[in-house]
Every structure is written in C-alpha cells, then in structure tokens.
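The UniProt record's numbering puts the first residue of the sequence shown at 1, with every later residue one more than the last. See below for the structure under consideration.
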Amino acid sequence: MPLSEHEQRLFEQIERSLAEDPKFASAVRASDPRFHARRRLLVAAGVVVVGLALLVYGAVIKTPPLAVAGFVVMLAALGYAVQSHRRSQSPDLHVVGGTTTSRRRPRGRAGGRRPSLLDRMEDRWRQRPEGHR
C-alpha cells in the first residue's frame, strides 16, 4: 500500500535527520552484514597467503609436514571464504537503510539450506502438467 503525501514527507524528514546523525550512521555501518562479509573475505585471503607461504617454505626447506600444514591452512581459509561469500549472498540478509538486489528464492524442505537436486526434481515432477502423468 503506497504512503500518503503527508506520510511520505514525514518519512523523508526522518530519513534526512537520521542521515545527519554520525553516531547513528556508524552504528548502522557496524551492523551492516555486507561489511562483516567483506571483512571475513579479506581475512580469508590473508590466511590463504600465509598458507601459501608455509607451503612454499616447507617445500624449500624440505619439511613435508610444514608444507602439508600450509596446504591445510590454505584449504581451510578457502573453505571459510566460500562459506562467507555464500552467506553474504543469502537473501535473508537485511541491511538497514539499504536496498536489496537479490530476489527471494523459494526454500526447499531442507529449511534454511538451498534445495538439493532431488528436491528440485521432485518439485518439478509435482508441478508438471496433468496430461503428462
């Protein structure tokens, strides 16, 4: 339902007053999930570089356990980065004062997870036209 002109003016006035408040702006920025997701990706990238350095150093000094540890660190950091990126792309993230560009996808029966291939196939089977049964 659209806002009336009076409500629209009040809304714009509130929006302007909130935008001028630096304390409020910093609080909103600190609770922005995109900010945290970006920070997690940067941390993961740094840990990948550290893991790569351990891997190369372990290979140069011919210490296989150190090289393997570097590889495991890299692998864990990459997994963390992928998980963080997927979580940041989730349509469940709501940013105060922001706009969302992702559209809501229907959830499968797996709850908060993305539906599996079998779930999608079952849904397609149930939704096919009546004449094809």
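Where a beta carbon is used, it is the ideal one built from N, C-alpha and C, also for glycine.
Checklist line | Buried or exposed by the 16-neighbour rule on C-beta atoms within 10 Å, applied to Leu54 | finding: By one-based count along the sequence shown, residue 54 stands at place 54. Under this definition Leu54 is a buried residue.
Item checked: Spatial neighbours of Leu52 in its chain, beta-carbon cut-off 8 Å, leaving aside the 5 residues before and after -> In the sequence shown, residue 52 corresponds to position 52, counting from 1. Hits under 8 Å: Gly70, Met74.
Note to self: Which of the three DSSP states is assigned to residue 138 in this structure?
What the structure shows: The structure shown does not extend to residue 138, since the chain spans only 1 to 133, so no value can be given for it.
Next item on the list: Can you check the segment 11-60 for any alpha helix (DSSP H) of at least 4 residues that lies completely inside it and give the ranges in chain order?
Entry: 22-30, 33-60
Check: For Val128, which three-state DSSP category applies?
Finding: The sequence position of residue 128 within the sequence shown is 128, counting from 1. One point to set straight first is that residue 128 is Arg, not Val, in the sequence displayed. If DSSP states are grouped into helix, strand and coil, Arg128 belongs with coil.
Item checked: Opening and closing residue of the alpha helix (DSSP H) in which Gln83 lies -> On the sequence shown, position 83 is the one that residue 83 refers to. First-last of the alpha helix (DSSP H) with Gln83: 64-88.
Check: Which value, in whole angstroms, describes the spacing of the CA atoms of Tyr80 and Phe11?
Finding: Within the sequence shown, the letter at position 80 stands for residue 80. Within the sequence shown, the letter at position 11 stands for residue 11. Between Tyr80 and Phe11, the C-alpha separation is close to 40 Å.
Notebook entry, point to check: Should Ser116 go down as buried or exposed, given a rule of 16 or more other Cβ atoms within 10 Å for buried?
Noted result: The residue given as residue 116 occupies position 116 in the sequence shown. Looking at its Cβ environment, which holds fewer than 16 other Cβ atoms inside 10 Å, Ser116 is exposed.
Next item on the list: Could you tell me if the beta carbon of Lys23 falls within a distance shorter than 8 Å of some heavy atom in the ligand ATP?
Entry: This structure simply doesn't include the ligand ATP, nor any ligand for that matter.
Next item on the list: Tell me, to the nearest whole angstrom, how far the beta carbon of Ala37 is from that of Arg87; I am working on the premise that it is less than 8 Å.
Entry: Counted from its first residue, the sequence shown places residue 37 at position 37. Counted from its first residue, the sequence shown places residue 87 at position 87. At roughly 7 Å, the Cβ-Cβ gap stays under 8 Å, so Ala37 and Arg87 are in contact.
Check: Alpha carbon to alpha carbon, what distance is there between Glu15 and Pro64?
Finding: Taking the sequence shown and counting its residues from 1, one reaches residue 64 at position 64. Taking the sequence shown and counting its residues from 1, one reaches residue 15 at position 15. Rounded to whole angstroms, Pro64 to Glu15 spans 59 Å at the Cα level.
Notebook entry, point to check: Under the three-state reduction of DSSP, which class applies to Ala120: helix, strand or coil?
Noted result: As a position in the sequence shown, residue 120 is number 120, starting the count at 1. The sequence shown places Arg at residue 120, not Ala. Three-state DSSP puts Arg120 in a helix.
Checklist line | Per-residue burial, Ala45 [other beta carbons within 10 Å of its own, 16 or more giving buried] | finding: Translated into positions along the sequence shown, residue 45 becomes position 45. When all chains shown are included, Ala45 counts as exposed.
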